[in-house]
């Protein structure tokens, strides 16, 4: 693995969708670097400290959230002299996102008073009153032609379907939720999944015209749904719950065909591979030692014993690290809080929040547990390689962004043989 130099940052950092650029916030400046040479290609100065950045899908535009103002500024990489400033005035801005066409910005005001669609083409704007959430409750079809925006009025949740061409409301229908949590289109845009707040276990499948296709409720008492995810192929819908179970529904009958329990002790007949992260001390010879000036001056921090990280294959039965949730605090750390499908829809990884150092990998084709990864520290994030069945913890893709408190760098992952761009003949 090769690493770049470390570069300064004081806020969000992210790759462009086309992977050609990486953007980093440095106080009120937005620094755009090329991912091949890591030279600065653009430098934009905002009016205040940058709290949030998001690339447009075409990687030509990027927006910055200045939430202390509150204000949004947008910039163009191809036209550096062009700029856009969005100020909602007293209503404020709680969240901003790009539309699929990369030519409109959707902002949600504080207290969910309204959602506004701002056009970068003709400066027109469209308002949708009473959006349900700030950063959630909005989804788009895969072709980018339609948007579903959840609203709430008169103590009732609604879904508004809008055309992304004219931004006119094409239809509105009420949904059978107590307190709608989120919404998501299926990969083929043939259905919408809507789930309720954790206080009410309810997963609803609707057609785009507002017909309820199926209602799913695994149990009645206790906290309910924590996470929901469509498989990339659109045939499976995974539902993670506070009861530490992953349930998978099929797209034909919407019935559950798999239930996976996350137990703190794994026993036979489980055949999953269990990998545990361990530290291995490095025993260096005298020729490999390099005594730094800090060590010679007696700095104890520099005198720590060097080690390398490796994985041991463990045998079952094995007890996994478990944290008992505190019953007297809200939002208990338990249940399936993180999940993601592999690109081929064969595998799905999950993290039970009461076992934050453990990542579970399930094989949907064989309906079994494929592997368990036990880390030393809590797993913050994980992502599948989009080109092959390879999993990276806390990072993504073939180039990884590693972020510290005030610095960031990138690391290049080696290509797997089957995904190499070069043939063996070369």
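Residue numbers (my numbering): 238 to 663. We treat Cβ as the ideally placed atom computed from N, Cα and C, and that holds for glycine.
For residue 312, the enclosing beta strand (DSSP E) starts and ends at 308-313. Annotated three-state conformation of residue 328 is helix, per DSSP. In the three-state scheme derived from DSSP, where H, G and I count as helix and E and B as strand, residue 349 is classed as helix. Within the stretch 358-410, no run of alpha helix (DSSP H) at least 4 residues long lies entirely inside it.
The DSSP-derived three-state label of residue 624 is coil.
By the neighbour-count criterion, in which a residue is buried when 16 or more other Cβ atoms sit within 10 angstroms of its Cβ, residue 280 is exposed. Approximately 6 Å separates the beta-carbon atoms of residue 511 and residue 555; this is inside 8 Å, confirming the contact.
Shown here, residue 616 sits in coil according to DSSP, grouped into three states, outside any helix or strand. Excluding its 5 nearest sequence neighbours in each direction, residue 399 has C-beta neighbours in its own chain below 6 Å: 384, 406, listed in chain order. Beta-carbon to beta-carbon, residue 581 and residue 626 are separated by about 7 Å, close enough to satisfy the 8 Å threshold.
Taken in chain order, the whole beta strand (DSSP E) runs of length 3 or more contained in the stretch 242-306 are 250-252, 258-263, 266-271, 277-282, 289-292, 298-303. Counting C-beta atoms within 10 angstroms of its own C-beta, residue 374 has 16 or more neighbours from the protein chains shown and is therefore classed as buried.
Around the beta carbon of residue 603, fewer than 16 other beta carbons lie within 10 angstroms, which makes this residue exposed. Separation of the CB atoms of residue 258 and residue 288 is rounded to 20 Å, and the pair is thereby denied contact status at 8 Å. The DSSP-derived three-state label of residue 453 is strand.
When DSSP states are grouped into helix, strand and coil, residue 512 belongs to the strand group. One Cα belongs to residue 322, the other to residue 455, and the distance between them is close to 47 Å. In the structure shown, residue 479 adopts coil according to DSSP, grouped into three states.
In the structure shown, residue 238 adopts coil according to DSSP, grouped into three states.
Around the beta carbon of residue 506, fewer than 16 other beta carbons sit within 10 angstroms, so the residue counts as exposed.
DSSP places residue 459 outside both helix and strand once states are collapsed to three, so it counts as coil. Residue 571 counts as buried, since no fewer than 16 other beta carbons sit within 10 angstroms of its beta carbon. Ranked by Cα distance from residue 325, the first of 313, 354, 315 is 354. If you draw a straight line from the Cα of residue 641 to the Cα of residue 250, it is about 11 Å long. For residue 605, the enclosing beta strand (DSSP E) starts and ends at 605-611.
Taking 7 Å as the cut-off, the Cβ atoms of residue 497 and residue 483 count as close. Contact between residue 294 and residue 254 is confirmed by a C-beta separation of about 6 Å, below the 8 Å threshold. Distance from the CA atom of residue 557 to the CA atom of residue 608, rounded to whole angstroms, is 13 Å. Three or more Cβ pairs drawn from the stretch 386-397 and the stretch 359-377 lie within less than 8 Å of each other, which places the two stretches in contact.
Residue 336 sits in coil when the DSSP states are folded into three classes, being neither helix nor strand. By the 16-neighbour rule on beta-carbons within 10 angstroms, residue 348 is exposed. By the beta-carbon neighbour count (other beta carbons within 10 angstroms, threshold 16), residue 274 is exposed. Counted as a single uninterrupted DSSP element, the stretch harbouring residue 414 is not any beta strand (DSSP E), since DSSP gives it neither H nor E. Residue 359 counts as exposed, since fewer than 16 other beta carbons sit within 10 angstroms of its beta carbon.
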